[in-house]
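Novice: Have a look at the structure that comes next, please.
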Amino acid sequence: MINSSIASDCFSNMALAEYREKSFIEWPFKDGKCTAKQMAKAGFYVTKTDQQAVTCYFCFKELEGWEKNDDPFNEHKKHAPYCEFVNMFEKAPDTITFAQLLKLERARRKRAWVCIDLIIFLLKILILHCFNKLFILFFQELQIDKIYDSTQQIIQKSLSKNTIKRRYKKRK
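The working numbering applies: residue 31 is where the sequence shown begins, and numbers increase by one.
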């Protein structure tokens, strides 16, 4: 079993079930399978003030709509089969070793970076899309086609012989 003071120095407090359990301040289920203790053992902590939505500390899966006899660990496994936490254990663990916690923390941080990379990629696409729309609107507003056409006409006029002769005669 991990000493909580040592673990809190190395990891977020939510890595430990005892700290996750403290987030269930007004959890509605005091008995049955879906108690605060069982939720914490399954990797969850409360993420919203209405005390109905919970998030897995390890895979970031958010679940809500809990009922008194829901089994938190089985629900977690059903909705997030990719979670390292539920894959590491057959049932919700009473204790967790330092080596297990280290492995889970490594997987959690890797997943967090993948999420951040995905968000950055999507933001870049959104920004490029917005700039594309802005440029189209800007050029439509300036009526670039008309400017281009009028510029071409001016160039053609200036290159015509009649214009050159007229300018030359005026200078004499």
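Beta carbons are placed, not taken as given, at the ideal position from N, Cα and C, and that holds for glycine. Remember, predicted model here, so these are calculated numbers, not experimental data.
(1) What residue ranges within the stretch 52-77 form continuous alpha helix (DSSP H) runs of no fewer than 4 residues, ordered along the chain?
(2) If you reduce the DSSP assignment to three classes, tell me which class Cys230 lands in.
(3) Helix, strand or coil for Trp94? Go by DSSP, reduced to three states.
(4) Out of curiosity, what's the CA-to-CA distance linking Thr127 and Phe115?
(5) Pick helix, strand or coil for Tyr112, following the three-state DSSP scheme.
(6) Taking buried to mean at least 16 other C-beta atoms within 10 Å of its own C-beta, is Thr85 buried or exposed?
Specialist: Concretely, from the data shown:
(1) 66-71
(2) It is not possible to answer for residue 230, since the shown part of the chain is limited to 31 through 202.
(3) Within the sequence shown, the letter at position 64 stands for residue 94. For clarity, residue 94 is Glu in the given sequence; the question names Trp instead. In the structure shown, Glu94 sits in coil (DSSP, three-state: anything other than H, G, I, E or B).
(4) The residue given as residue 127 occupies position 97 in the sequence shown. The residue given as residue 115 occupies position 85 in the sequence shown. Using only the alpha carbons, I get a separation of about 13 Å.
(5) Locating residue 112 in the sequence shown gives position 82, where the first residue counts as 1. Coil at Tyr112, not helix or strand.
(6) Taking the sequence shown and counting its residues from 1, one reaches residue 85 at position 55. Buried.
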